[in-house]
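Heads up: take any position in the sequence shown, counting from 1, add 43, and you land on our numbering.
A virtual CB, placed ideally from N, CA and C, is assigned to each residue, including glycine.
Predicted model only: the values in this text are computed from it and were never measured.
Working notes, beginning with the structure itself.
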Amino acid sequence: MPKVKFYTGIDIPLEFHRTRIVQKVRLLPIDERYEALKKGGFNTYRMDSADVYLDMLTDSGTNAMSDLQLAAMMRADDAYAGSESFKRLEKAVFDVLGKRYVVPAHQGRAAENVIMRAFLKPGDVVPMNYHFGSTANHIRINGGRHIDLVTPDVAFKSASDNLFKGNIDIARLEECIAQYGAEHIPFIRMEASTNLIGGQPFSMANLMEVRKVADRYGIKVLLDACLLGENAWLIIQREPEYAHATLAEVLLKMCSLADIVYFSARKLSCTRGAVIATDNYQDKLTMDQVVAVFEGYVTYGGMSMKEIEAMAQGLYEATDDDYVSQNPEFIRYFVNEAVRMGLPMVTPPGVLGAQIDAKKFCDHLPVKDLPASSLAAAIYLCSGVRTMDGGTYQDVSEDDPDFVADMELVR
44 MPKVKFYTGI DIPLEFHRTR IVQKVRLLPI DERYEALKKG GFNTYRMDSA DVYLDMLTDS
104 GTNAMSDLQL AAMMRADDAY AGSESFKRLE KAVFDVLGKR YVVPAHQGRA AENVIMRAFL
164 KPGDVVPMNY HFGSTANHIR INGGRHIDLV TPDVAFKSAS DNLFKGNIDI ARLEECIAQY
224 GAEHIPFIRM EASTNLIGGQ PFSMANLMEV RKVADRYGIK VLLDACLLGE NAWLIIQREP
284 EYAHATLAEV LLKMCSLADI VYFSARKLSC TRGAVIATDN YQDKLTMDQV VAVFEGYVTY
344 GGMSMKEIEA MAQGLYEATD DDYVSQNPEF IRYFVNEAVR MGLPMVTPPG VLGAQIDAKK
404 FCDHLPVKDL PASSLAAAIY LCSGVRTMDG GTYQDVSEDD PDFVADMELV R
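Below, the structure is given as structure tokens:
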């Protein structure tokens, strides 16, 4: 990604997209912001978007689309079955992710529902680097439970120089399999750029080790690829063996190490919908049966053909360095500047956003007083900016009234 240097010598990331349509926003006076917060119960999720000046809650489904994606939507084949648009999506998945069979769903968590219903049995456990809320709940409601296997002293230390906090602890993975038995583990899940610990990546070396363990015990590897492109970019930047690899090469290699790859198109490809991809035809047929009940016919899965066309184009764009690098490079710049100003940030910078350690920022608040949610409300009151709070309020409690999240972050 090309950069310029400021007169201080600091690298400044450049924007590589031109804005062609604008939308008016407004900044409420502070007394009206307070009333808007109060109306929403001081929960920024419950606020009206009209009261928000700059909405940084999420890019999930709110992202801009490219001109080529909008153009692709115009050629949609709206056939209920056997659509040419679906064939183009299959080709894009094969070209970019290297998987032959595509199972569509209307949203990422719907894809998780399909996967868990297809493969999980009551009493099963799913080891993973770290959970996402919807994933953990789908596992739980289907009678299983998840086990997080990041290294706590590494992953939950907000200020760190560890480049791959999203790695699975291989020794703990072996212990988990020994304890529960491979027959009770339908798959090992790897989440690219682990969301709830600050958008932190795993390394290619770690994924390869996970694959070796899985092969030894006959267990599938499940790859959550929502933020696969960003994880691949950070592998290129941080893992010397891949410093000269292309983004397309790294994406293909990562997916080749998984049996099933799934993603929310709200992240990967900047559309709306989801894809599950595999090379195992029997696994596809098993998931197709669930799709037909919960999502729709197996060549649209609850998505419009226009979205499917945009998704196919968006997957090809996910191999573009200038596009994929925008997220991590701007976050890196923001985090470094915030650290320089003395803010307690999650480091190294990850993806998703710049993350503030709310426990440190609000060290006067006990966790039961929800420091991340409190800080998010305070930021809105001061600035009109809606951020994303991730912590005890947002995480999975599994009916434990004393549950406390591993981290309290504001994005």
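- Looking at the DSSP output, H149 bridges to nothing.
- Taking a C-beta distance under 8 Å as the contact criterion, V293 and I279 qualify as a contact pair.
- At the C-beta level, V447 and I399 stay beyond 8 Å of one another.
- Here L57 is exposed: its Cβ has fewer than 16 other Cβ atoms, across all protein chains shown, within 10 Å.
- The three-state reading of DSSP puts S92 in helix, counting H, G and I together.
- CA-CA distance, D74 to R89, rounds to 18 Å.
- Put simply, of D102, D449, T321 the residue whose alpha carbon is nearest the alpha carbon of A301 is T321.
- Non-local beta-carbon contacts of L163 in its own chain, meaning distances under 6 Å to residues more than five positions away in sequence, involve N185, G187, P229 in chain order.
- Bridge pairing for P56: K46 [DSSP].
- Separation of the CB atoms of V193 and I213 is rounded to 11 Å, and the pair is thereby denied contact status at 8 Å.
- Relative to the Cα of L97, the nearest Cα in the group S103, L71, Y343, R63 belongs to L71.
- Pairwise C-beta distances place the segment 144-152 in contact with the segment 316-332, as three or more of them are shorter than 8 Å.
- In this model, G344 and E273 are separated by some 26 Å (Cα to Cα).
- Secondary structure note for Y343: it is in no alpha helix (DSSP H), with a DSSP letter that is neither H nor E.
- DSSP places H189 in the uninterrupted beta strand (DSSP E) bounded by 188-191.
- In summary, H189 is buried, with 16 or more beta-carbon neighbours lying within 10 Å of its beta-carbon over all protein chains present.
- Distance from the CA atom of N379 to the CA atom of P392, rounded to whole angstroms, is 8 Å.
- Within 10 angstroms of the beta-carbon of T430 lie 16 or more other beta-carbons, which makes it buried.
- Residue pairing of K134 in beta bridges, as defined by DSSP: absent, with no partner found.
- L408 is bridged by DSSP to nothing; it lacks a bridge partner.
- The alpha helix (DSSP H) runs lying completely inside the segment 362-422 and spanning 4 residues or more are 364-367, 369-383, 401-404, given in chain order.
- The alpha carbon of G433 has as its nearest neighbour, out of D364, I240, P244, the alpha carbon of I240.
- Boundaries of the beta strand (DSSP E) harbouring T321: 317-321, taken from the DSSP string.
- 8 Å or more divides the Cβ of A381 from the Cβ of A401.
- Here L239 is not bridged, per DSSP, to any residue.
- Bounds of the beta strand (DSSP E) holding P170 are 168-171.
- If you check the CB distance, M116 and K296 do not come in under 8 Å.
- Nearest to D138 by C-alpha distance, out of T435, K403, Y359, C425, is Y359.
- About 13 Å separates the CB atoms of A420 and L100; that is not less than 8 Å, and the two are not in contact.
- If you draw a 10 Å sphere on the C-beta of G427, you find 16 or more other C-beta atoms in it, and that means buried.
- With a cutoff of 8 Å on beta-carbon distance, R160 and V341 are scored as not near each other.
- G427 sits in coil when the DSSP states are folded into three classes, being neither helix nor strand.
- Beta-bridge partners assigned by DSSP to V197: none are found.
- In the structure shown, Y123 adopts coil according to DSSP, grouped into three states.
- About 11 Å separates the Cβ atoms of S236 and F207, ruling out a contact at the 8 Å cut-off.
- With respect to the 8 Å criterion, R232 and M171 are classified as neighbours on the basis of their beta carbons.
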